[in-house]
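In this note's numbering, the protein residues as written are -5 to 355. Virtual Cβ for every residue (Gly too), placed ideally from N, Cα, C.
Laid out in C-alpha cells, this is it:
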C-alpha cells in the first residue's frame, strides 16, 4: 500500500483519511455538481500523488485550473516548497502567450483522425480521402501558406479539392498546429512527473478535442513501451460524451473507450472528473474501479452511479445530496472501505476559485 492522506474523516476530524495510491493502476471516476469543491479536491489528490509516488501524470485542463500547480500557496511550509521545486512539472499553454505553447502536428494524427478534422468520409468523399491518405509526411514542415499553395498548384484535382476544404474550414488557422516546430508529444515521451495541457484557450470547439486525440492516439500507439502514466481528464464530458456531436469527438470517444477497456495492462490509467456521470460514455464509465463522489442532487445521476458502482452502499450514495462543500465519498479499489472524507487544504495555488458577489458601496 502507498498511503495518500487526502483529508480527515467527516465523523472524526482527528482521524486522517487515507487512500491507496498503488490502486491508481485502475481507472478512477471523480464527480460532483457545480459548487461541490470537485476541482479543488481533484487538485489535492494530484498533489499527494506527486508527493508520494513516482507516477507520471498528463493533465487535460479545460479551464486552466491546474496551470499554477508549480506555484505554492503563501502559507505552504518552506520544506514542502523545496520538495515541490524539485518536481519536473511542465505546463503547455493555450490561454496565454506564455511559453511553451501547446502544439501538435497534423501529420502525427492517424489518417482516420486527420479525416475527422477535415470532416471527410472515406466513401462519400472518396477522392479527397485518398488524396489525404497519400499526403507526404514532409508536409509537416510546411507553413500554412506553402502547404495550401502545394495543394492548390497540384495537377491532381482531388488534392486541389482537399486544399479548398482545408482552406474553407480554416483548419490551418488553428493555434494548435506546430507546423515545423516542437510538438507536445516529444515532452510526453520524456515522462515528466506532471505535464499540464491548458486547452482552455483554443477558439475552435474541435481544437481542444483534436489536441486530446493527438496525445491519446500517441500514448496508445506507444502502449507496448509499458511506461505507466495517469491520464487526467478534467471536465471529462468534453472528451467522451454518450453521443458524439462531431467527427473529431466521435474519434476521440472511440479512443477513450479503447483505453478504458484495454489500457490498464499497458499502464494507461484514466482519472476522469466531471459534474454529471450521465454525460460520460457508458463504455468508459463502466470500466472505472475507483469512485470519488462529492455533492450530487440529481436522482438520475445518483441512479447511474448506483448502477455502475454497485459496491458502494446505497445509503452513502443518497447522503451525497447533503454533503457540505469539500466533502467526498471515496470507495472502490483505492479505499479499503467506503469512507466519508473532508478534503484537506491544497498546497499549490488554485487556478479556478469562485468569484465573489461584492456588496454595494
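Touching or not, the region 226 to 244 and the region 86 to 94, by the rule of three or more beta carbon pairs under 8 Å? no
So, with DSSP's three-state summary, where would you put residue 168? coil
Nearest to residue 336 by CA position, among 267, 9, 291, 155, is which residue? 9
Rounded to whole angstroms, how far is the Cβ of residue 168 from the Cβ of residue 198, which I believe are closer than 8 Å? 6 Å
In chain order, what residues of the same chain have a beta carbon less than 8 Å from the beta carbon of residue 11, not counting five sequence neighbours either side? -1, 0, 1, 2, 3, 324, 333, 335, 336
Does the distance from the C-beta atom of residue 207 to that of residue 246 stay below 7 Å? yes
Spatial neighbours of residue 253 in its chain, beta-carbon cut-off 6 Å, leaving aside the 5 residues before and after: 262
Let me confirm a value: residue 235 is counted as buried when at least 16 other C-beta atoms fall within 10 Å, else exposed. Which label applies? buried
Between residue 193 and residue 54, which are expected to be in contact by the criterion C-beta below 8 Å, what is the C-beta distance as a whole number of angstroms? 6 Å
Could you name the residues that DSSP lists as bridge partners for residue 263? 224
Could you please give the first and the last residue of the uninterrupted alpha helix (DSSP H) stretch that includes residue 78? 72 to 79
Under a three-way DSSP split, which group does residue 342 fall into? strand
By DSSP, does residue 108 sit in helix, in strand, or in coil? helix
Provide the residue span of the alpha helix (DSSP H) that contains residue 204, from first to last. 199 to 215
Is residue 124 helix, strand or coil by DSSP? helix
Kindly provide the ranges of any beta strand (DSSP E) runs that are 3 or more residues long and lie completely inside the region 31 to 58, ordered along the chain. 51 to 55
Could you check the C-alpha separation between residue 36 and residue 98 for me, to the nearest Å? 27 Å
Looking at the ligand GDP, does it come within less than 6 Å of residue 190, judged from the CB to the closest heavy atom? Judged by which ligands are present, the structure shown has none, so any question about the ligand GDP falls away.
Environment of residue 30 [buried if 16+ CB atoms lie within 10 Å]: buried
Within the chosen definition, does the region 16 to 25 reach the region 278 to 297 through at least 3 CB pairs nearer than 8 Å? yes
Between residue 315 and residue 270, what straight-line distance do the alpha-carbon atoms span, to the nearest angstrom? 13 Å
Once DSSP output is grouped into helix, strand and coil, what is the label at residue 4? coil
Over the uninterrupted beta strand (DSSP E) stretch that includes residue 322, give me the two end residues. 321 to 326
With C-beta atoms as the reference, is residue 51 less than 7 Å away from residue 296? no
Using CA atoms only, rank isn't needed, just tell me which of 175, 304, 317 is closest to residue 327. 304
With distances taken Cα to Cα, identify the nearest neighbour of residue 267 among 78, 163, 288, 201. 288
Taking 8 Å as the cut-off, does the region 170 to 186 touch the region 104 to 124 (at least 3 CB pairs, one atom from each stretch)? no
Answer yes or no: do residue 217 and residue 260 have a C-beta to C-beta separation smaller than 7 Å? yes
Quick check on residue 290: buried or exposed, where buried means 16 or more other Cβ atoms within 10 Å of its Cβ? buried
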